[in-house]
Amino acid sequence: MSQTPTPITIAYGDGIGPSIMEATLKMLDAAGANIATETIEIGEKVYLSGQSNGIEASAWESLRRTKVFLKAPITTPQGGGYKSLNVSMRKALGLFANVRPCVAYSPFVRTKHPEMDLVIVRENEEDLYAGIEHRQTEEVYQCLKLITRPGCERIVRYAFEYAKQQGRKRVTCFVKDNIMKLTDGLFHSVFKEIAAEYPDIQHDSMIVDIGAARVADTPENFDVIVMPNLYGDIISDVAAQIAGSVGMAGSANIGDQCAMFEAIHGSAPDLANQDVANPSGLLHGAIQMLNHIGQSDVAEKIHHAWLVTLEEGLHTADIFKEGMSKAKLGTQAFADAVISKLGQSPKQLPAPNYSSSQPLKLPVVGHKAPSKKQLVGMDVFLQWQNGAPAELGEALAKTGRKSLSLKLITNRGVKVWPQGFEETYCVDHWRCRFMTSEDEIDFAELLALQIRLHDAGFDVIKTENLYNFDGEPGYAAVHG
Ligand code: NAD
3 MSQTPTPITI AYGDGIGPSI MEATLKMLDA AGANIATETI EIGEKVYLSG QSNGIEASAW
63 ESLRRTKVFL KAPITTPQGG GYKSLNVSMR KALGLFANVR PCVAYSPFVR TKHPEMDLVI
123 VRENEEDLYA GIEHRQTEEV YQCLKLITRP GCERIVRYAF EYAKQQGRKR VTCFVKDNIM
183 KLTDGLFHSV FKEIAAEYPD IQHDSMIVDI GAARVADTPE NFDVIVMPNL YGDIISDVAA
243 QIAGSVGMAG SANIGDQCAM FEAIHGSAPD LANQDVANPS GLLHGAIQML NHIGQSDVAE
303 KIHHAWLVTL EEGLHTADIF KEGMSKAKLG TQAFADAVIS KLGQSPKQLP APNYSSSQPL
363 KLPVVGHKAP SKKQLVGMDV FLQWQNGAPA ELGEALAKTG RKSLSLKLIT NRGVKVWPQG
423 FEETYCVDHW RCRFMTSEDE IDFAELLALQ IRLHDAGFDV IKTENLYNFD GEPGYAAVHG
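Position in the sequence shown (from 1) plus 2 gives the number in our numbering.
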C-alpha cells in the first residue's frame, strides 16, 4: 500500500445516508484503509437551495480532482424540475459501467435463492436515459432511445473482462431485439462479436422479459449478465432484493477516469435518525472502491470480518430472523461488531479473494471506417386530426413527385395507409414515409418536399432522414 493516503470525495447524503456513511467510514478506518476524505454537499438541501441537479458547482472540482467518489444515498425532492443527480454524475464523469454483485448469504440471511451469486453489468449512460424527450403533438410525447456502437462495445467488453478477471464462467446478454431490431439489435450483435474474442467464457442471450422472469425464479443459473441501461436498472433491483435485502448490495459506477461507489438503495427516509439502517450496502460499495484504489488487502479484511459478523448472527433489523439471529443491532453497533471481527475469516460462507481485483484496463474504442451512406427517403411526422387515413394519404400523395413519392403512413407505428384496418385506433401523430425510386436522392429535394407540405397546410412536426448504410436499410421496417 502506498504511504500517501488516496484522496477520495465523500458525500453523507440524506435520510439514513449520514448514519450509514459514519458507520462505513468507521469500519474503513479500523481496517487501516489509507484514504484522505473530502466531503461535498449533495442532495435534498442543495436541490431545495435552487440547484436543479442537486450538486453545487464547487463540488465538481473535488470530484474531478480525486476521481473517486463514495456516495451515500440522497433524497430527490418530489415534483417536477429536479434532475436526477445520479444520471448527471454518470454522464458528466463518463461512468459507463454499473457493476452490481447480488449474492445470497444463506443460511444466515433469509432468501428463497440460497445459491444465488450473480453480477449485473448495466450500461450506464445511454438508452432512454439520454433525456431527449419532446412533446410533439396534443396527444403524443416521445423519448429517444439512443444506443451507440462504441457504448455497446465498451460495456460488453467490460463484462467479459470482468468475468475473466473474477474467474466467472458465463456472460449472458439481455435484449429486446425481437422488437427493437436496430437499437437492441446492435447491442446483441456487438455482444456476439465480442464474445467470440473470449472462447474460454461461455456466452448466451435471452429476450429480456423471459430473462427477467428466470432471474426472479432461478437466479442461481446466472453468472454475469450484461444489458442496456433501463433493463439493468430494473433487474438489478429485483436481483438485489431477492438475494436477501435491498440494504445489502453495493454498486460501482466505473468510467475511464472516474468512479463512483454507493449502496443500491435510496435514503429510506422512514428509517432516518433511528440508528436502525443496515450500512452493508454502502460498505459493499466501499469494498469495491478499495479494490479500485489498489487497497485490496483492506477490502478483503473488511469483507471477511463482515461475513463473520453475519455468520455469528449479529444482524441489523432488516435481516434479523428469530431463531437464526443472535442479536438485533443498530447501525453503529453493527459497525462495531464488524470491527471486532477484523482479522477473522468466515467459517461457512465463501471468503472472497481480491488479489486480482485491480481496475480493468480496456482498450480505447476506435471508430469504424465509414460505411457507404445513401439518402433514400424521409419519414415526415405530422400533427393531423382531421379525418380518416385514406383522406390523409390522398392529400399527401399530391405533394410527392416521381422521384420522391409517398409509400405508406403509420399511426403509432402501425400501417394505416395504404390498406389499413378501420379497427386501428389513431391519435393525432402520423408518420408518412416518402421514398425515392432512384439509388439516392439529393437533400434539397427533401427540403423542397417539406416546403410543399407546409404550403399545402400540413403541420410538419419532425422529419427523419432515411439512409442505407452499405446497402442495408438504416431504418426499421413497418408493422402491419
Ligand atoms: P429506498 O431504497 O430508500 O427505501 C425502500 C425501503 O427499503 C425503505 O423503506 C426501507 O424499509 C428499506 N431499506 C432501504 N435501505 C435500507 C437499509 N440500508 N437498511 C434497511 N432497510 C433499508 O427507496 P425509496 O423509499 O423508494 O426512496 C427514498 C428516497 O431515496 C427517494 O427520494 C429516492 O429518490 C431516493 N433514492 C436515492 C438513490 C440514490 O441516491 N442512489 C437510489 C434510490 C432512491
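Just so it is clear, CB atoms sit at the ideal spot from N, CA and C, and this is done for glycine as well.
For residue i, does the count of other Cβ atoms within 10 angstroms reach 16, so buried, or fall short, so exposed?
i: ASP129; result: buried
i: THR139; result: buried
i: ILE453; result: exposed
i: TYR356; result: buried
i: LEU449; result: exposed
i: ASN388; result: exposed
i: LYS178; result: buried
i: ASP186; result: buried
i: TYR14; result: buried
i: LEU72; result: buried
i: TYR160; result: buried
i: ILE443; result: buried
i: HIS190; result: buried
i: CYS145; result: exposed
i: TYR427; result: exposed
i: GLN297; result: buried
i: ASN223; result: exposed
i: GLU155; result: buried
i: VAL180; result: The question names Val, but residue 180 in the sequence shown is Asn. ASN180 comes out exposed.
i: SER247; result: buried
i: LYS303; result: buried
i: GLY133; result: exposed
i: PRO7; result: exposed
The ligand NAD and residue i: does the residue's C-beta get closer than 7 Å to at least one heavy atom of that ligand?
i: ALA270; result: yes
i: HIS267; result: yes
i: GLU264; result: yes
i: THR77; result: yes
i: LEU273; result: yes
i: PRO240; result: In the sequence as displayed, the identity of residue 240 is Val instead of Pro. It does not: the Cβ of VAL240 is nowhere closer than 7 Å to a heavy atom of the ligand NAD.
i: ASP320; result: yes
i: ASN567; result: Residue 567 lies beyond the stretch modelled for the chain, which goes from 3 to 482, so this question has no answer here.
i: ASN88; result: yes
i: VAL366; result: no
i: VAL48; result: no
i: VAL378; result: no
i: ILE57; result: no
i: VAL310; result: no
i: VAL111; result: no
i: VAL340; result: no
i: VAL248; result: yes
i: GLY283; result: yes
i: ILE443; result: no
i: ILE18; result: yes
With DSSP as the reference, label residue i as helix, strand or coil.
i: ALA215; result: helix
i: ASN231; result: helix
i: GLU222; result: helix
i: GLN53; result: coil
i: MET3; result: In this prediction, MET3 scores a pLDDT of 48, lower than 50, which makes its location untrustworthy; the coordinate-derived value is nonetheless stated afterwards. In the structure shown, MET3 sits in coil (DSSP, three-state: anything other than H, G, I, E or B).
i: GLY473; result: coil
i: SER207; result: strand
i: GLU195; result: helix
i: ARG66; result: helix
i: LYS171; result: coil
i: LEU97; result: coil
i: ASP16; result: coil
i: ILE463; result: strand
i: SER21; result: helix
i: LEU370; result: The residue asked about is misnamed: residue 370 is Lys in this sequence, not Leu. Here LYS370 sits in coil by DSSP.
i: VAL378; result: strand
i: GLU264; result: strand
i: GLN452; result: helix
i: LEU468; result: strand
With a threshold of 7 Å (Cβ to nearest heavy atom), would residue i be considered close to the ligand ZN?
i: ILE12; result: The ligand ZN is not part of the structure shown, which contains the ligand NAD as its ligands.
Taking only runs of the beta strand (DSSP E) that begin and end inside the region 389 to 443, which ones reach a length of at least 3 residues, in chain order?
-> 406 to 413, 416 to 419, 431 to 438
Does the region 310 to 317 come close enough to the region 291 to 300 to have 3 or more Cβ pairs within less than 8 Å?
-> no
Which ranges would you report for the alpha helix (DSSP H) in the region 278 to 346 if only whole runs of at least 4 residues count?
-> 282 to 294, 298 to 313, 333 to 342
Does the region 345 to 352 touch the region 295 to 307, meaning 3 or more C-beta pairs lie closer than 8 Å?
-> These segments touch.
Counting pairs of Cβ atoms below 8 Å between the region 382 to 402 and the region 333 to 341, do you hit three or more?
-> no
Three or more C-beta pairs closer than 8 Å, one from the region 242 to 257 and one from the region 86 to 97: is that the case here?
-> Output reads yes: the region 86 to 97 touches the region 242 to 257.
Check whether the region 68 to 82 touches the region 9 to 28, counting contact only when three or more Cβ pairs, one atom from each stretch, lie closer than 8 Å.
-> yes
Give a yes or no on contact between the region 55 to 65 and the region 191 to 206, applying the rule of three or more CB pairs nearer than 8 Å.
-> no
Flag this pair as touching only if the region 468 to 475 and the region 401 to 410 have three or more C-beta atom pairs under 8 Å; answer yes or no.
-> Taking 8 Å as the limit for Cβ pairs, the verdict is that the region 401 to 410 does not touch the region 468 to 475.
contact_flag[the region 322 to 331, the region 116 to 126] where n(CB pairs < 8 Å) is 3 or more = Cβ pair count under 8 Å is below three, so no.
Taking the runs of the beta strand (DSSP E) that are 3 residues or longer, which of them lie wholly in the region 72 to 160?
-> Correct list: 99 to 105, 119 to 125, 135 to 137, 143 to 145.
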